[in-house]
Every structure is written in structure tokens, then in C-alpha cells.
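> Numbering (this note's numbering), first residue to last: 2 to 297. Think of the CB as a built atom: it goes at the ideal place given N, C-alpha and C, for glycine as much as any other residue. First the structure, then my questions, so here it is.
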């Protein structure tokens, strides 16, 4: 099915903007990923599905224990509750669109939801799908991205109804891909569950004093197993991952509050301001005060 537009397509200036569609649980984000950014996106998961479209550059996508390259024009579906992150290793700035959808918006029709949506999002083996931009399904979904940008720019009367229609169109194509691939042997590893438990422990307790033993105990594994899993799934040591998350939370506090650096360091579980400053400089390439000044 070809997507048609009600008016001329508009080029939206790309500055990493996030767009929301009224009260619908749908978010469209323009994202820029550079290799110069010291602080890379950390491994995470969420309760919505995500579809990435690459406009420019070659972007690495890490899903569970798989790492693959997405080229311009390609799309990637990342399933509900799946560990993932994107990063760039090239000098060319990566330019991508990210569409996130909370699938419960489709649950009002119980029969349709249970027949077509539940099988996709509740199958841990269907963690992600990489789609060539020339594929007919990918081409239609890419056209929907453009249609969504047009809708959010113009916001015609009743545009939310079109958004809902487009989301259903996307899921029909994903379902067709799913039934074509569901015979693939199961590859979901128990290690993924262990890694999630340790990552979640860090996310929930980063403000406290945490040791390697604490992180390993969160999943009931040895220190060496803990280190091996973090290296496999995050490309970091457990402590480096913990510190990166502390600094990420610190960067958010720098922007959302006017609290002094000593307070923020303590809130992030670092304690000493001088150590927080050194870690922040290494991770972000600038001091906390410079970050606050440049970002505001």
C-alpha cells in the first residue's frame, strides 16, 4: 500500500527534537549520534517498541548480545522489554529517526490485540528485525515516518485518528515479518535475564555505595561471570557501567536543578566532588559546570 500525503512534504530542521502526538502514547524523535560524544548511550530497555530509521551515517545497534550495523535507508524494529543501545564509531554524524509506541494503545480491540500484537511483543526470541530500505515492508514503514512528520507539523483536525491508523499499518507489516521468521530456532539466552537483573540493580541503587560483589549477587553469579556478562552485553566493566550511569544521572540533575556540584556528586553516589569532576571530564569531555553552561 502506498502512503499518500495531503500536502507537500516539509523538511524539518534536525536538532534532536522530540515530537508527541497529543495524548497518544506515540513519540517520534530526531536523533543525532556522533563518534565524538564520549558518553555513549547505555544499555537500556523499556515498555514500548521502538523503530529506528537511518537517514545518514552508519549506526551500530546493539540488541541483547547482537551487534550490527545499520546503513542509510535501513530500519530496525526493537521489541518490547529488549536490552539495546545505539552508537556511532565513524566521523560522519549519524542522523536517525526513532519511533516509540506503547502497544497498549492497541489493546482496546481485545481480539485483534491478542491475535496480532501479543505474539510479537511477548516473544523474547523476536528481539529485533533489521530491514533493508528497499524491502516493500520497510519502504511502507519509512513512508509512514514521513507521513507522521507531516501530521505533527500541520496537525489537521482529527490527525490523531490518522496516527492510530498508521500504527496499525506498521504492526501488520511487523506481524507478516514475524510469521515468516517464527520458525527460527530459539536463541534467547538465560544470560540476558541475568544481565538485566544486574543492570536493573545498578539503575535502582546507583546512589548507594555499590561493589562488584553487590552487582554479582543481584543475579546470583560469581564476580568473573558478572564481568564476562557486562563485557558481552555492554562492552564495559560492571564498575565502569555503574559510573557511566551515575554520570548520566548527574548530567540530568545539572540541567534540571541549580544545585551545587557537591550536592549532585553526592546524589549520584560518587561522594567527593573532585572525583566526580574528574570522572565527568573523562566521560563528557568537559567539567560539570561547563556542561551545565553549554547545555542550558
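So does the stretch 45-60 actually touch the stretch 77-92, counting three or more Cβ pairs closer than 8 Å?
The answer is yes - the stretch 77-92 touches the stretch 45-60, with three or more Cβ pairs under 8 Å.
> Quick check on DSSP: helix, strand or coil for residue 60?
Translated into the one-based positions of the chain shown, residue 60 becomes position 59. Here residue 60 sits in strand by DSSP.
> How far does the alpha helix (DSSP H) with residue 279 in it extend, from its first residue to its last?
What you label residue 279 is simply residue 278 of the chain shown in a count that begins at 1. Where residue 279 is concerned, the enclosing alpha helix (DSSP H) stretches over 274-285.
> Taking all protein chains shown into account, decide if residue 27 is buried (16 or more other Cβ within 10 angstroms of its Cβ) or exposed.
As a working note, residue 27 is residue 26 in the chain shown. It counts as buried.
> Helix or strand or just coil, what does DSSP make of residue 117?
As a position in the chain shown, residue 117 is number 116, starting the count at 1. Three-state result, residue 117: helix.
> Distance, Cα to Cα, residue 281 vs residue 42?
Counting from 1 along the chain shown, the entry for residue 281 is found at position 280. Counting from 1 along the chain shown, the entry for residue 42 is found at position 41. Taking the straight line from one Cα to the other gives about 15 Å.
> For the stretch 284-293 against the stretch 246-253, are there 3 or more C-beta pairs whose distance is under 8 Å?
A contact exists between the stretch 284-293 and the stretch 246-253.
> Where do the ends of the alpha helix (DSSP H) carrying residue 247 lie?
Along the chain shown, read from residue 1 onward, the residue named residue 247 stands at position 246. Segment 239-257, the alpha helix (DSSP H) holding residue 247.
> DSSP puts residue 314 in a beta bridge; with which residues?
Residue 314 is absent from the structure shown; the chain starts at 2 and stops at 297.
> Excluding sequence positions up to five away, which residues of its chain have a Cβ less than 8 Å from the Cβ of residue 68?
As a working note, residue 68 is residue 67 in the chain shown. Counting only Cβ-Cβ distances below 8 Å, and skipping sequence neighbours, we find 61, 62.
> So, helix, strand or coil for residue 149, using DSSP?
Numbered from its first residue, the chain shown carries residue 149 at position 148. In the structure shown, residue 149 sits in a helix (DSSP, three-state: H, G or I).
> Which class does residue 88 belong to by DSSP, given the choice of helix, strand or coil?
Residue numbering aside, residue 88 sits at position 87 when the chain shown is read from its first letter. Residue 88: strand per DSSP, three-state reduction.
> In its own chain, which residues sit with a C-beta less than 7 Å from the C-beta of residue 160, not counting the 5 before and 5 after it?
Taking the chain shown and counting its residues from 1, one reaches residue 160 at position 159. The answer, listed in chain order, is 152.
> Whole-angstrom Cβ separation of residue 128 and residue 90, contact assumed at under 8 Å?
Numbered from 1 along the chain shown, position 127 holds the residue referred to as residue 128. Numbered from 1 along the chain shown, position 89 holds the residue referred to as residue 90. Rounded, the Cβ-Cβ distance is 22 Å, inconsistent with contact.
> Can you check whether the CB of residue 164 is closer than 8 Å to the CB of residue 25?
Numbered from 1 along the chain shown, position 24 holds the residue referred to as residue 25. Numbered from 1 along the chain shown, position 163 holds the residue referred to as residue 164. Result yes, Cβ atoms of residue 25 and residue 164 sit closer than 8 Å.
> Report the partner residues of residue 95 according to the DSSP bridge assignment.
Here residue 95 refers to the residue found at position 94 when the chain shown is read from its first residue. For residue 95, which the question treats as bridged, DSSP gives the partners 34.
> In chain order, what residues of the same chain lie with their CB nearer than 7 Å to the CB of residue 192, ignoring the 5 residues before and after it?
In the chain shown, counting from the first residue as 1, residue 192 sits at position 191. Only 230 meet the Cβ criterion.
> Run through DSSP, which three-state label would residue 101 get?
Stepping through the chain shown from its first residue, residue 101 is reached at position 100. Note: residue 101 maps to strand in three-state DSSP.
> State the beta-bridge partners of residue 29 as determined by DSSP.
Residue mapping note: residue 29 aligns to position 28 of the chain shown, counting from 1. Residue 29 is bridged to 20, 100.
> Going by DSSP in three states, residue 69 sits in which element: helix, strand or coil?
Here residue 69 refers to the residue found at position 68 of the chain shown. Residue 69: strand per DSSP, three-state reduction.
> Let me check understanding here. Comparing Cα to Cα, which of 220, 199, 218 lies closest to residue 243?
Working through the chain shown from its first residue, we reach residue 243 at position 242. Checked all of 220, 199, 218; the closest Cα to residue 243 is 199.
> Looking at residue 73 and residue 57, is the spacing between their C-beta atoms short of 8 Å?
Numbered from 1 along the chain shown, position 56 holds the residue referred to as residue 57. Numbered from 1 along the chain shown, position 72 holds the residue referred to as residue 73. Going by C-beta atoms, residue 57 is nearer than 8 Å to residue 73.
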